[in-house]
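The opening residue of the sequence shown carries number 521 in the numbering used here; numbering runs sequentially from there.
Virtual Cβ for every residue (Gly too), placed ideally from N, Cα, C.
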Amino acid sequence: MPHLQFELNFTPEREEKSAFADAVRDHFASIMSTGTDHIGITFRCYHHDDLIFGRAGDDGQIAFLNADIRLGRTADQKRRLALAIMEEIGVRWGLPKEHIYIVYTEHDGPDFQLSDRVLPSWQTGEDPLKD
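The structure is reproduced here in structure tokens:
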């Protein structure tokens with residue numbers, strides 16, 4: 521189950537978060553070659569001065585993404601996903617790409633636990649929640 525943890529120094533409206541999460545899920549499934557039902561997305565919204573990123577300066581909006589994903593994706597897949605998410609953030613909230621920082625942490629499938637199963641190791645084109 522990828523867990524995509526967005527940290528923002530601004531607070532989008534509920535509807536904006538929902539639409540953004542839908543777009544991110546679609547990008548993830550398409551680029552990372554998997555289903556969507558196991559994708560977890562969280563938003564942590566902070567005050568403007570609670571996030572600091574040198575490239576953003578002192579007065580810009582900032583977005584961080586900590587992405588816990590299953591092992592096996594290529595460097596190209598990870599880069600394409602990062603750029604797609606940066607584009608979504610830029611289009612929706614006006615952040616320049618220089619104000620966005622994305623970090624991947626990779627785990628084997630069994631590190632991801634759901635109530636009814638343990639996820640398998642990743643394989644291209646799979647949907648780990650299909651029985």
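Since residue i and residue j should fall inside the 8 Å C-beta cutoff, what is the C-beta to C-beta distance between them, to a whole number of angstroms?
{"i": "I620", "j": "A583", "result": "5 Å"}
{"i": "L601", "j": "H547", "result": "6 Å"}
{"i": "I622", "j": "L615", "result": "Their Cβ separation, rounded to whole angstroms, is 12 Å, which puts I622 and L615 out of contact at 8 Å."}
{"i": "R505", "j": "F540", "result": "What is shown of the chain runs 521 to 651, which leaves residue 505 out entirely."}
Is it the case that the Cβ atoms of residue i and residue j are separated by a distance below 9 Å?
{"i": "L591", "j": "E626", "result": "yes"}
{"i": "L649", "j": "G560", "result": "no"}
{"i": "P522", "j": "M552", "result": "yes"}
{"i": "F563", "j": "K537", "result": "yes"}
{"i": "A587", "j": "E618", "result": "no"}
{"i": "Y624", "j": "K598", "result": "yes"}
For the alpha helix (DSSP H) that residue i lies in, which residues bound it at each end?
{"i": "D546", "result": "534–552"}
{"i": "D579", "result": "From DSSP, D579 is part of no alpha helix (DSSP H); its letter is neither H nor E."}
{"i": "G610", "result": "595–613"}
What are the partner residues of residue i, as DSSP defines its beta bridges?
{"i": "A587", "result": "L524, Y624"}
{"i": "R564", "result": "E527"}
{"i": "V638", "result": "Q633"}
- Message: Under 8 Å: do the region 594–612 and the region 640–650 share three or more Cβ pairs, one atom per stretch?
- Response: The answer is no - the region 640–650 does not touch the region 594–612, with fewer than three Cβ pairs under 8 Å.
- Task: For the region 526–545 and the region 574–591, state whether three or more C-beta atom pairs, one from each stretch, are separated by less than 8 Å.
- Result: The answer is yes - the region 574–591 touches the region 526–545, with three or more Cβ pairs under 8 Å.
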